[in-house]
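Heads up: the structure comes next, in structure tokens.
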Amino acid sequence: MKTVFDGVTITTQDAVAIVSFSRPPLNYFDVDLINALADALEEIDRTDDLRAVLLRSEGKVFCAGASFSGREGSGQGELADPGDLYRQAVRLFRTRKPIVVAVQGAAIGGGLGLAMVGDFRIAAEDARFAGNFVKIGIHPGFGLTHILPRVIGHQNTAKLFYTGRRYTGAEAATMGLVDEVVPAEHLAEAALAFAAEIAEGAPLAVEATRATLRHGLADAVAAQTERECREQIALFASADFKEGVQAVAERRPGRWQRR
215 MKTVFDGVTI TTQDAVAIVS FSRPPLNYFD VDLINALADA LEEIDRTDDL RAVLLRSEGK
275 VFCAGASFSG REGSGQGELA DPGDLYRQAV RLFRTRKPIV VAVQGAAIGG GLGLAMVGDF
335 RIAAEDARFA GNFVKIGIHP GFGLTHILPR VIGHQNTAKL FYTGRRYTGA EAATMGLVDE
395 VVPAEHLAEA ALAFAAEIAE GAPLAVEATR ATLRHGLADA VAAQTERECR EQIALFASAD
455 FKEGVQAVAE RRPGRWQRR
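Heads up, the sequence shown is in the working numbering, so the first residue is 215 and it goes up one at a time.
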């Protein structure tokens with residue numbers, strides 16, 4: 215086991231690199247964790263014996279979102295600038311080797327963004343997916359406004375964002391957000407088997423095919439996160455954002471003021 219950063223480890227199973235992160239209890243991430251994950255994936259890219267990646271988290275929740283200010287709770291830091299975090303996130307999209315993401319529990323907000331870094335998502339039956347940004351009065355981030363329409367189409371993306379609805383693993387599979395849904399107790403095994411199947415292919419051919427399929431993706435995500443960042447910074451200063459954070463904490467609908 216190699217520790218890349220506090221809470222991030224790389225292990226290997228034959229030609230599969232297993233990247234695990236742990237920020238209990240809900241696996242909120244900050245810029246340091248995203249930087250560490252990018253460092254890990256870039257190191258794997260430099261290791262020829264490794265042909266595929268399994269990205270996973272410890273605990274009952276895959277990732278409940280971002281904590282821009284280092285606080286946990288709302289998953290959002292007030293009046294923060296997410297630009298540094300998104301610049302590190304773009305590094306995740308620039309890596310060369312196929313990534314399978316194992317999702318258990320919630321993948322919410324920025325946690326959904328992290329799951330979308332992968333080429334494939336294997337979900338436990340208890341998985342839940344949401345881009346609930348409008349519920350807290352904020353704009354989507356992590357490149358989701360680009361990557362989600364690419365994967366699930368414009369209409370599904372619009373419905374997901376505008377409603378802030380939470381989707382089950384089965385519902386997510388129906389719209390193409392996840393590739394397989396398995397019982398929670400079989401998630402680790404199924405995700406590893408999927409990554410191992412990819413690793414059986416000729417690595418130069420797999421990576422070349424992936425590069426063609428994802429041509430321009432990282433640059434597009436970089437451009438889109440710049441816009442997302444501007445919109446988020448503007449909305450962080452709004453009364454509706456403060457109300458949204460409080461409303462979510464109190465489990466009630468927001469009382470919006472449009473300011």
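Here a beta-carbon is modelled for each residue, glycine too, at the ideal position from N, C-alpha and C.
### Message
Please determine whether the Cβ atom of residue 251 lies at a distance below 6 Å from any heavy atom of the ligand GTP.
### Response
The ligand GTP is not part of this structure, which contains no ligands at all.
### Query
With distances taken between CB atoms, is the gap from residue 407 to residue 338 smaller than 7 Å?
As a first step, residue 407 must be located in the sequence shown, where it is residue number 193. As a first step, residue 338 must be located in the sequence shown, where it is residue number 124. Their beta carbons are not under 7 Å apart, which means residue 407 does not touch residue 338 by this criterion.
### Close-in-space but distant-in-sequence residues of the same chain around residue 241 (CB under 8 Å, 5 per side omitted)
Locating residue 241 in the sequence shown gives position 27, counting from the first residue. The residues are 235, 271, 272, 273, 275, 276, 277, 278, 325.
### Task
Would you decide whether residue 429 is buried or exposed? Buried here means 16 or more other CB atoms lie within 10 Å of its CB.
Along the sequence shown, read from residue 1 onward, the residue named residue 429 stands at position 215. Exposed is the call here.
### Task
Apply the 10 Å Cβ neighbour rule to residue 476 and answer buried if 16 or more other Cβ atoms are within range, or exposed otherwise.
No answer is possible for residue 476: the residues shown for the chain start at 215 and end at 473.
### Message
Suppose the cutoff is 6 Å on Cβ atoms and the five residues either side in sequence are ignored; what does the same chain contact list for residue 409 look like?
### Response
Residue numbering aside, residue 409 sits at position 195 when the sequence shown is read from its first letter. The residues are 230, 266, 268, 314.
### Task
Examine the Cβ distances between the segment 354-363 and the segment 319-334 and report whether three or more of them are shorter than 8 Å.
Yes, the segment 354-363 is in contact with the segment 319-334.
#### Entry: Residues of its chain near residue 373, where Cβ-Cβ distance is below 8 Å and the 5 sequence neighbours each way are ignored
Taking the sequence shown and counting its residues from 1, the one referred to as residue 373 is at position 159. If we look at residue 373 and ignore the five residues flanking it on each side, its Cβ neighbours are 379.
#### Entry: Start and end residues, beta strand (DSSP E) containing residue 348
As a working note, residue 348 is residue 134 in the sequence shown. Per DSSP, residue 348 belongs to no beta strand (DSSP E) and is neither H nor E.
#### Entry: As assigned by DSSP and simplified to three states, the class of residue 380
Within the sequence shown, residue 380 is the residue found at index 166, counting from 1. In this structure, residue 380 counts as strand in the three-state DSSP scheme.
#### Entry: Residue from 262, 246, 232 whose Cα sits closest to the Cα of residue 219
Here the question's residue 219 lines up with position 5 in the sequence shown. Minimum Cα-Cα distance from residue 219 among the listed residues 262, 246, 232 corresponds to 246.
### Cβ-based burial, residue 453 [other Cβ within 10 Å; buried from 16]
As a first step, residue 453 is located in the sequence shown; it is residue number 239 there, counting from the start. With fewer than 16 other Cβ atoms within 10 Å, it is exposed.
### Query
CA-CA distance, residue 239 and residue 318?
Numbered from 1 along the sequence shown, position 25 holds the residue referred to as residue 239. Numbered from 1 along the sequence shown, position 104 holds the residue referred to as residue 318. Each residue's Cα considered, the two are about 13 Å apart.
### Query
Does the Cβ-Cβ distance between residue 336 and residue 404 come in under 7 Å?
Residue mapping note: residue 336 aligns to position 122 of the sequence shown, counting from 1. Residue mapping note: residue 404 aligns to position 190 of the sequence shown, counting from 1. The answer is yes: Cβ separation under 7 Å.
### Task
Return the residue from the list 227, 469, 216, 225 that minimises the CA-CA distance to residue 351.
Locating residue 351 in the sequence shown gives position 137, counting from the first residue. Answer by Cα proximity: 469.
### Query
Does the beta-carbon distance from residue 304 to residue 435 come in below 7 Å?
Residue mapping note: residue 304 aligns to position 90 of the sequence shown, counting from 1. Residue mapping note: residue 435 aligns to position 221 of the sequence shown, counting from 1. Yes, the Cβ-Cβ distance between residue 304 and residue 435 is below 7 Å.
### Message
Threshold first: 4 residues or longer. Then list the alpha helix (DSSP H) segments lying entirely within the segment 234-312, N to C.
### Response
For the segment 234-312, whole alpha helix (DSSP H) runs of length 4 or above, ordered along the chain, are 245-259, 297-307.
#### Entry: C-alpha distance - residue 366 paired with residue 390, whole-angstrom precision
Mapped onto the sequence shown, residue 366 falls at position 152. Mapped onto the sequence shown, residue 390 falls at position 176. Residue 390 has its alpha-carbon roughly 6 Å from the corresponding atom of residue 366.
### Task
Could you name the residues that DSSP lists as bridge partners for residue 227?
In the sequence shown, the residue the question calls residue 227 occupies position 13. Answer is 230, bridged to residue 227.
### Query
residue 427: buried (16+ other C-beta within 10 angstroms of its C-beta) or exposed?
Here residue 427 refers to the residue found at position 213 when the sequence shown is read from its first residue. Within 10 angstroms of the beta-carbon of residue 427 lie fewer than 16 other beta-carbons, which makes it exposed.
### Task
Measure the alpha-carbon distance for residue 296 versus residue 252 and round it to whole angstroms.
Position 82 of the sequence shown, counted from the start, is the residue given in the question as residue 296. Position 38 of the sequence shown, counted from the start, is the residue given in the question as residue 252. Near 16 Å, if we compare the C-alpha coordinates of residue 252 and residue 296.
### Message
Looking only at its chain, what residues have a beta carbon closer than 7 Å to the beta carbon of residue 259, apart from the 5 residues adjacent to it on each side?
### Response
Indexing the sequence shown from 1 puts residue 259 at position 45. The beta carbon of residue 259 sits closer than 7 Å to the beta carbons of 309, 310, 311 from its chain, once the five residues preceding and following it are set aside; these are given in chain order.
#### Entry: Spatial distance of residue 449 from residue 457 (CA atoms)
Position 235 of the sequence shown holds residue 449. Position 243 of the sequence shown holds residue 457. Rounded to the nearest angstrom, the two C-alpha atoms are 12 Å apart.
### residue 376 classed as buried or exposed, judged by whether at least 16 other C-beta atoms fall within 10 angstroms
Looking up residue 376 in the sequence shown gives position 162. Per the 10 Å Cβ criterion, exposed.
### Query
When the Cα of residue 416 is compared with those of 263, 444, 216, which residue comes out closest?
On the sequence shown, position 202 is the one that residue 416 refers to. In terms of Cα proximity to residue 416, the closest of 263, 444, 216 is 263.
### Task
State the beta-bridge partners of residue 216 as determined by DSSP.
Locating residue 216 in the sequence shown gives position 2, counting from the first residue. Answer is 224.
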